[in-house]
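Colleague:
4 protein chains.
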Amino acid sequence: MNKTERRQALLRAARDVFATRGYHEAKVDDIVAVAKVAKGTFYLYFPDKRSVFSELVDLLFQRLGAAILQVDPAADVDAQVKHNIRAIVAVLLDDPALTRILLSHATGMDPAFVTKIRSFYDGVKTMLSLSLAEGQRLGIVAPGDTKLLATFTVGALKELLAENAVGETPLAREAIVDTLFCFLQAGYLRTGGSSPAPALPVTAPSVTPARPRRRR
Amino acid sequence: MNKTERRQALLRAARDVFATRGYHEAKVDDIVAVAKVAKGTFYLYFPDKRSVFSELVDLLFQRLGAAILQVDPAADVDAQVKHNIRAIVAVLLDDPALTRILLSHATGMDPAFVTKIRSFYDGVKTMLSLSLAEGQRLGIVAPGDTKLLATFTVGALKELLAENAVGETPLAREAIVDTLFCFLQAGYLRTGGSSPAPALPVTAPSVTPARPRRRR
Amino acid sequence: MNKTERRQALLRAARDVFATRGYHEAKVDDIVAVAKVAKGTFYLYFPDKRSVFSELVDLLFQRLGAAILQVDPAADVDAQVKHNIRAIVAVLLDDPALTRILLSHATGMDPAFVTKIRSFYDGVKTMLSLSLAEGQRLGIVAPGDTKLLATFTVGALKELLAENAVGETPLAREAIVDTLFCFLQAGYLRTGGSSPAPALPVTAPSVTPARPRRRR
Amino acid sequence: MNKTERRQALLRAARDVFATRGYHEAKVDDIVAVAKVAKGTFYLYFPDKRSVFSELVDLLFQRLGAAILQVDPAADVDAQVKHNIRAIVAVLLDDPALTRILLSHATGMDPAFVTKIRSFYDGVKTMLSLSLAEGQRLGIVAPGDTKLLATFTVGALKELLAENAVGETPLAREAIVDTLFCFLQAGYLRTGGSSPAPALPVTAPSVTPARPRRRR
DNA sequence: AATGAATGAGCCTTCATTCAT
DNA sequence: CATGAATGAAGGCTCATTCAT
Numbered sequence: 487m488n489k490t491e492r493r494q495a496l497l498r499a500a501r502d503v504f505a506t507r508g509y510h511e512a513k514v515d516d517i518v519a520v521a522k523v524a525k526g527t528f529y530l531y532f533p534d535k536r537s538v539f540s541e542l543v544d545l546l547f548q549r550l551g552a553a554i555l556q557v558d559p560a561a562d563v564d565a566q567v568k569h570n571i572r573a574i575v576a577v578l579l580d581d582p583a584l585t586r587i588l589l590s591h592a593t594g595m596d597p598a599f600v601t602k603i604r605s606f607y608d609g610v611k612t613m614l615s616l617s618l619a620e621g622q623r624l625g626i627v628a629p630g631d632t633k634l635l636a637t638f639t640v641g642a643l644k645e646l647l648a649e650n651a652v653g654e655t656p657l658a659r660e661a662i663v664d665t666l667f668c669f670l671q672a673g674y675l676r677t678g679g680s681s682p683a684p685a686l687p688v689t690a691p692s693v694t695p696a697r698p699r700r701r702r
Numbered sequence: 487m488n489k490t491e492r493r494q495a496l497l498r499a500a501r502d503v504f505a506t507r508g509y510h511e512a513k514v515d516d517i518v519a520v521a522k523v524a525k526g527t528f529y530l531y532f533p534d535k536r537s538v539f540s541e542l543v544d545l546l547f548q549r550l551g552a553a554i555l556q557v558d559p560a561a562d563v564d565a566q567v568k569h570n571i572r573a574i575v576a577v578l579l580d581d582p583a584l585t586r587i588l589l590s591h592a593t594g595m596d597p598a599f600v601t602k603i604r605s606f607y608d609g610v611k612t613m614l615s616l617s618l619a620e621g622q623r624l625g626i627v628a629p630g631d632t633k634l635l636a637t638f639t640v641g642a643l644k645e646l647l648a649e650n651a652v653g654e655t656p657l658a659r660e661a662i663v664d665t666l667f668c669f670l671q672a673g674y675l676r677t678g679g680s681s682p683a684p685a686l687p688v689t690a691p692s693v694t695p696a697r698p699r700r701r702r
Numbered sequence: 487m488n489k490t491e492r493r494q495a496l497l498r499a500a501r502d503v504f505a506t507r508g509y510h511e512a513k514v515d516d517i518v519a520v521a522k523v524a525k526g527t528f529y530l531y532f533p534d535k536r537s538v539f540s541e542l543v544d545l546l547f548q549r550l551g552a553a554i555l556q557v558d559p560a561a562d563v564d565a566q567v568k569h570n571i572r573a574i575v576a577v578l579l580d581d582p583a584l585t586r587i588l589l590s591h592a593t594g595m596d597p598a599f600v601t602k603i604r605s606f607y608d609g610v611k612t613m614l615s616l617s618l619a620e621g622q623r624l625g626i627v628a629p630g631d632t633k634l635l636a637t638f639t640v641g642a643l644k645e646l647l648a649e650n651a652v653g654e655t656p657l658a659r660e661a662i663v664d665t666l667f668c669f670l671q672a673g674y675l676r677t678g679g680s681s682p683a684p685a686l687p688v689t690a691p692s693v694t695p696a697r698p699r700r701r702r
Numbered sequence: 487m488n489k490t491e492r493r494q495a496l497l498r499a500a501r502d503v504f505a506t507r508g509y510h511e512a513k514v515d516d517i518v519a520v521a522k523v524a525k526g527t528f529y530l531y532f533p534d535k536r537s538v539f540s541e542l543v544d545l546l547f548q549r550l551g552a553a554i555l556q557v558d559p560a561a562d563v564d565a566q567v568k569h570n571i572r573a574i575v576a577v578l579l580d581d582p583a584l585t586r587i588l589l590s591h592a593t594g595m596d597p598a599f600v601t602k603i604r605s606f607y608d609g610v611k612t613m614l615s616l617s618l619a620e621g622q623r624l625g626i627v628a629p630g631d632t633k634l635l636a637t638f639t640v641g642a643l644k645e646l647l648a649e650n651a652v653g654e655t656p657l658a659r660e661a662i663v664d665t666l667f668c669f670l671q672a673g674y675l676r677t678g679g680s681s682p683a684p685a686l687p688v689t690a691p692s693v694t695p696a697r698p699r700r701r702r
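Here the protein sequences line up with chains A, B, C and D, keeping their order.
Taking our numbering, I'd label the letters of the first sequence as residues 487 to 702.
Taking our numbering, I'd label the letters of the second sequence as residues 487 to 702.
Taking our numbering, I'd label the letters of the third sequence as residues 487 to 702.
Taking our numbering, I'd label the letters of the fourth sequence as residues 487 to 702.
As structure tokens, this is what we get:
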């Protein structure tokens, strides 16, 4: 087993132990036991326990970052949004252990760590928020505080995935995507050409037929 | 300072330290330092570190349990839902430290503990899910998997409150309530009597001008 | 309840707790709980935990010292020895708790303490040894190392009393005295002047007259 | 130093500290200081403080168990009894520290522990008692309550060894064996068929051929 | 590189003792 | 005198990290 493989083995072992026990309850002894290496070996590949955890979280962040595409309002928005949801769900459900770490166990750590994780989510929310704002400009997103809407979205997604990561009743992947999409759509997306459902008081509704429509 | 006051002081101190550092990073030394008592005093009031934490979580559960009212579909549903949202928000924002504990730091603990907290959320979701099912029967809730809708709702609420508990930019309380309410309403509530806004794939979207509008 | 009574109550409570749990496992909390006084009160009557224990041991020593009489070889030795045995047994069995303390729990303490207790036993053995030497001079004690004989005697007595102090099956007091006396008598006492000191009732003398028998 | 050696070193260190200070006063810090290892090392070899103690006691029990032979009444009883005494004395005096632990410091511990030690002694006494009963059947042991005689014997032996374990004046080993043997023989052994069981050289056996007298 | 024995700082908890009321 | 809340030193044990082999 070469260096890279051993490193991977340790990362996988760490991931599983962290996911099962949480950061503090996961002992280095447990990790090396799972990886079937000696304790000292662990420290040949990682400077300390913290950094393995950190690396795992970073890895998931990368995957998520790579999966999420900026929505181009000029193209088929529905499809892009669905694609994004699907991609995120895929990344997270493909590695439930890592997901569990991110969603549940990444807390109660150094403030530095919590900050890091929060930063990621903040990034996601900001990105989403900007997209939503753009969508509002184009009339395909209901008016409203986009920051809040982003928060709602992320929260709903996290909760859903957390539930599935815990894993008692794993939902069908596409079902999750569809349901969440519909929820969002009926919530603040105005993409389907279907009903308007403004999320917040629309001042001056107007009856003028000139009114711009989405997805007509 | 009598026994009850001292107990309260210790609980408050523990709450703050747990909220800031998380369970494992919170040392009994920190707690007693904040409470300005000797270490032994802590153990006069609580059998161990775990139990203070447990008590804090229970306390919040109780408050939340007391705040949430079962929605009576016969009466003004909007008002009741808003009231519930407002009550929950009030409980949690009144004690951001405790909220932080519940939302962030209660994980990575004994499985027993995680189970306990999950049980609480499961309870909330089940209750909500039942209400939603009843609402569906009455036609004031969009069709769909009520369990999932409940998950979305709880997730959105948690995320929102977590963000506020972290506390950099506390939103106006009523703004939170309104925004969330609107989100839910446009999402799956059909209380306004107006248009349906189906939560799940709407067959035949239509472009008919007769299309019903909400909030016109 | 006056000062003396309270002091006695505390001593009794301490005695019982020490006897049951041993010195280290006996907490001041236990003692005051049994005595039904507050913790601080304990320290009004005794400077510290150690000294109560010490006082209890001293008390028993005093009683034993008072009970044991120097044997006068001129008078009826048998009776005096029996009396001594009886007296010692009486003192110790009258207060099994205190006995348990002396025999079992007085160890594993400060070297100072162990020394004290050993001193007592040394005193007893020395006294006994001197008596035995005098007895040897008078021909009523078998020759031999009197120090050793004293040790045997004390050991046999201690073991017997320890067994009874533990108290599962308390022997009849007089039975103890008789048995021990016979043991000693057949062992090294030559007091009866009579036959080879039958340890117990002699039944069935034997058939072969040729072979010298004991206990014929 | 390999694992076994280190383990032995720790056991020895623990034995000495326990023997000197007793269980409660012996701190793990003391033990590792004597063994010249770090505190953590102790816990690599033993799960806790209790278990070292337990192991030490067990060790001595084993040695004693191995040393004591069931007496075969068909063969030379005297020799066998002497051998047993010699073996026990050898085991205990070879390791005075361990002996001290067994005889003095094994008390005042968990009831579980006290029970264990008492069980051992009970076992010894029972074994001895059975042998004595068998001896009575064969006419080589004086009649009497064998349980009591066993208690006396064990007590005498314990006291003797305790005295020697404390170690101010170590007696010659064979002297101990002889003296104890004579004590027992004159006490309840009827083995030699020889003279009327004088505890020690009988001067002037008597004139009357019919009735053997001692010390008349 | 790999091993795993050794390290020791640090934590939770206990409990004898003190002291304000 | 009596109380019992408060104190804080001390001890058993854990575990991340180091290092000799």
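Ideal Cβ positions, reconstructed from N, Cα and C, are used throughout, including at glycine.
All values derive from a computational prediction rather than experimental measurement.
Using only alpha-carbon positions, find the residue among B:Leu618, B:Phe539, B:Glu660 that is nearest to B:Val627.
Modeller: Numbered from 1 along the second sequence, position 141 holds the residue referred to as residue 627 of chain B. For B:Val627, the nearest C-alpha among the options comes from B:Leu618.
Colleague: In whole angstroms, give me the CA-to-CA distance for C:Ala602 and C:Ser540.
Modeller: One-based indexing of the third sequence puts residue 602 of chain C at position 116. One-based indexing of the third sequence puts residue 540 of chain C at position 54. Note that residue 602 of chain C corresponds to Lys in the displayed sequence, not to Ala. Rounded to whole angstroms, C:Lys602 to C:Ser540 spans 9 Å at the Cα level.
Colleague: Just to confirm, are D:Val514 and D:Lys535 a CB contact at a threshold of 8 Å?
Modeller: For this step, residue 514 of chain D is matched to residue 28 along the fourth sequence. For this step, residue 535 of chain D is matched to residue 49 along the fourth sequence. Yes, they are a contact pair.
Colleague: With a threshold of 8 Å between beta carbons, is A:His569 in contact with chain B?
Modeller: For the purposes of this step, residue 569 of chain A is taken as residue 83 along the first sequence, with counting starting at 1. At a cut-off of 8 Å, the C-beta of A:His569 has no neighbouring C-beta in chain B.
Colleague: Could you name the residues of chain B that A:Leu646 contacts, counting a contact when the two beta carbons are closer than 9 Å?
Modeller: Residue numbering aside, residue 646 of chain A sits at position 160 when the first sequence is read from its first letter. By Cβ distance, chain B contributes Leu634, Thr637, Phe638, Gly641.
Colleague: Using CA coordinates, which residue listed in B:Tyr607, B:Val563, B:Val663, B:Leu589 is at the minimum distance from B:Gly625?
Modeller: Stepping through the second sequence from its first residue, residue 625 of chain B is reached at position 139. When each option's Cα is compared against that of B:Gly625, the closest is B:Val563.
Colleague: Given that A:Glu649 touches chain B, what residues does it touch there, using C-beta distances under 8 Å?
Modeller: Position 163 of the first sequence holds residue 649 of chain A. Those within 8 Å of A:Glu649 in chain B are Thr637.
Colleague: At 3 residues or longer, what runs of the beta strand (DSSP E) sit wholly inside the stretch 577-629 of chain C?
Modeller: If only complete runs of 3 or more residues are kept, the stretch 577-629 of chain C shows no beta strand (DSSP E) anywhere.
Colleague: Can you give me the Cβ contacts of A:Gly525 inside the same chain, cut-off strictly under 6 Å, excluding the 5 residues immediately before and after it?
Modeller: Taking the first residue of the first sequence as 1, we reach residue 525 of chain A at position 39. The displayed chain sequence assigns Lys, not Gly, to residue 525 of chain A. The residues are Val518.
Colleague: Along the chain, where does the alpha helix (DSSP H) that runs through A:Asp516 open and close?
Modeller: Sequence index remark: in the first sequence, residue 516 of chain A carries index 30 (1-based). First-last of the alpha helix (DSSP H) with A:Asp516: 514-521.
Colleague: Do A:Val503 and A:Val520 have their C-beta atoms closer together than 8 Å?
Modeller: Within the first sequence, residue 503 of chain A is the residue found at index 17, counting from 1. Within the first sequence, residue 520 of chain A is the residue found at index 34, counting from 1. Their beta carbons are under 8 Å apart, which means A:Val503 touches A:Val520 by this criterion.
Colleague: Under a Cβ-count criterion, where at least 16 other Cβ atoms within 10 Å of its own Cβ denotes burial, should C:Asp581 be classed as buried or exposed?
Modeller: Taking the third sequence and counting its residues from 1, the one referred to as residue 581 of chain C is at position 95. Buried is the label assigned to C:Asp581, since at least 16 other Cβ atoms lie within 10 Å of its Cβ.
Colleague: How close, in whole Å, do the beta carbons of A:Asn650 and A:Leu579 come, if the pair is a contact with beta carbons under 8 Å?
Modeller: Indexing the first sequence from 1 puts residue 650 of chain A at position 164. Indexing the first sequence from 1 puts residue 579 of chain A at position 93. Between A:Leu579 and A:Asn650 the Cβ distance is about 6 Å, and since that is below 8 Å, they are a contact.
Colleague: Excluding the five sequence neighbours on either side, which residues of its own chain have a C-beta within less than 8 Å of the C-beta of A:Val640, listed in chain order?
Modeller: In the first sequence, the residue the question calls residue 640 of chain A occupies position 154. Excluding positions up to five away in sequence, the list reads Tyr607, Val610, Lys611, Leu614.
Colleague: Between the stretch 610-631 of chain C and chain D, which residues of the former have CB atoms less than 8 Å from a CB of the latter, in chain order?
Modeller: Gly625, Ile626, Ala628, Pro629, Gly630, Asp631
Colleague: Tell whether a beta-carbon distance below 8 Å holds between B:Phe669 and A:Phe638.
Modeller: Position 183 of the second sequence, counted from the start, is the residue given in the question as residue 669 of chain B. Position 152 of the first sequence, counted from the start, is the residue given in the question as residue 638 of chain A. Yes, Cβ-Cβ distance for B:Phe669 and A:Phe638 is below 8 Å.
Colleague: Counting only the same chain and skipping the five closest in sequence on each side, list residues whose C-beta sits under 6 Å from that of D:Ala500.
Modeller: The sequence position of residue 500 of chain D within the fourth sequence is 14, counting from 1. The answer, listed in chain order, is Ile517, Val538.
Colleague: Enumerate in chain order the residues of its own chain whose CB-to-CB distance from A:Met487 is below 8 Å, with the five nearest sequence positions on each side excluded.
Modeller: Residue numbering aside, residue 487 of chain A sits at position 1 when the first sequence is read from its first letter. Taken in chain order, the residues that qualify are Ala495.
Colleague: Just to check my reading of the structure: D:Gln566 and D:Val557 have Cβ atoms closer than 8 Å, yes? What is that Cβ distance to the nearest angstrom?
Modeller: Taking the first residue of the fourth sequence as position 1, residue 566 of chain D is located at position 80. Taking the first residue of the fourth sequence as position 1, residue 557 of chain D is located at position 71. That pair is a contact at about 5 Å.
Colleague: What is the rounded straight-line gap between the Cα of D:Thr632 and the Cα of D:Ala561?
Modeller: Taking the first residue of the fourth sequence as 1, we reach residue 632 of chain D at position 146. Taking the first residue of the fourth sequence as 1, we reach residue 561 of chain D at position 75. If I take the Cα positions, the gap works out to 21 Å.
Colleague: Who are the near neighbours of A:Ile554 in its chain, counting only those whose CB is closer than 6 Å to its CB and skipping five residues on each side?
Modeller: Here residue 554 of chain A refers to the residue found at position 68 of the first sequence. Once the five neighbours on either side are set aside, the close Cβ partners of A:Ile554 are Asn570.
Colleague: Roughly how many whole angstroms lie between the Cα atoms of A:Pro559 and B:Pro533?
Modeller: Taking the first residue of the first sequence as position 1, residue 559 of chain A is located at position 73. Taking the first residue of the second sequence as position 1, residue 533 of chain B is located at position 47. Separation of A:Pro559 and B:Pro533 (C-alpha to C-alpha, rounded to the nearest whole angstrom) is 59 Å.
Colleague: Nearest by alpha-carbon distance to A:Leu616: which of A:Ala512, A:Leu588, A:Leu589, A:Leu634 is it?
Modeller: On the first sequence, residue 616 of chain A is found 130 positions in, with the first residue counted as 1. The shortest Cα separation from A:Leu616 among A:Ala512, A:Leu588, A:Leu589, A:Leu634 belongs to A:Leu634.
Colleague: Residues of chain D with a CB under 7 Å from the CB of C:Ala495: which are they?
Modeller: For this step, residue 495 of chain C is matched to residue 9 along the third sequence. What C:Ala495 touches in chain D: nothing, since even the nearest Cβ is about 24 Å away.
Colleague: With C-beta atoms as the reference, is D:Lys644 less than 8 Å away from C:Glu511?
Modeller: Position 158 of the fourth sequence, counted from the start, is the residue given in the question as residue 644 of chain D. Position 25 of the third sequence, counted from the start, is the residue given in the question as residue 511 of chain C. It is not a contact, given that the beta carbons lie outside the stated cut-off.
Colleague: Buried or exposed: where does D:Asp551 fall if 16 or more other Cβ atoms within 10 Å of its Cβ makes it buried?
Modeller: Position 65 of the fourth sequence, counting from 1, holds the residue named residue 551 of chain D. One point to set straight first is that residue 551 of chain D is Gly, not Asp, in the sequence displayed. The residue in question, D:Gly551, is exposed, as its Cβ has fewer than 16 Cβ neighbours within 10 Å.
Colleague: Determine, using beta carbons only, whether D:Arg659 and D:Val575 come nearer to each other than 8 Å.
Modeller: On the fourth sequence, residue 659 of chain D is found 173 positions in, with the first residue counted as 1. On the fourth sequence, residue 575 of chain D is found 89 positions in, with the first residue counted as 1. Taking 8 Å as the Cβ cut-off, D:Arg659 and D:Val575 qualify as a contacting pair.
Colleague: Does the Cβ of B:Tyr529 have 16 or more other Cβ atoms within 10 Å, making it buried, or fewer, making it exposed?
Modeller: What you label residue 529 of chain B is simply residue 43 of the second sequence in a count that begins at 1. The residue in question, B:Tyr529, is exposed, as its Cβ has fewer than 16 Cβ neighbours within 10 Å.
Colleague: Against chain D, with Cβ distances strictly below 8 Å, would C:Phe669 count as a contact?
Modeller: Counting from one through the third sequence, the residue named residue 669 of chain C turns up at place 183. Cβ-Cβ to chain D under 8 Å: yes for C:Phe669.
Colleague: Please determine, among A:Thr527, A:Gln671, A:Leu542, A:Val523, the residue with the shortest C-alpha to C-alpha distance to A:Leu584.
Modeller: By one-based count along the first sequence, residue 584 of chain A stands at place 98. For A:Leu584, the nearest C-alpha among the options comes from A:Leu542.
Colleague: Looking only at its chain, what residues have a beta carbon closer than 6 Å to the beta carbon of B:Lys568, apart from the 5 residues adjacent to it on each side?
Modeller: Residue mapping note: residue 568 of chain B aligns to position 82 of the second sequence, counting from 1. Scanning its chain for C-beta atoms nearer than 6 Å, with the 5 sequence neighbours on each side dropped, one finds around B:Lys568 the residues Phe667, in chain order.
Colleague: Can you tell me whether DSSP reads D:Phe532 as helix, strand or coil?
Modeller: Locating residue 532 of chain D in the fourth sequence gives position 46, where the first residue counts as 1. In this structure, D:Phe532 counts as coil in the three-state DSSP scheme.
Colleague: Buried or exposed for C:Ala648, please, with buried defined as at least 16 other CB atoms from any protein chain shown within 10 angstroms of its CB.
Modeller: Mapped onto the third sequence, residue 648 of chain C falls at position 162. Per the 10 Å Cβ criterion, buried.
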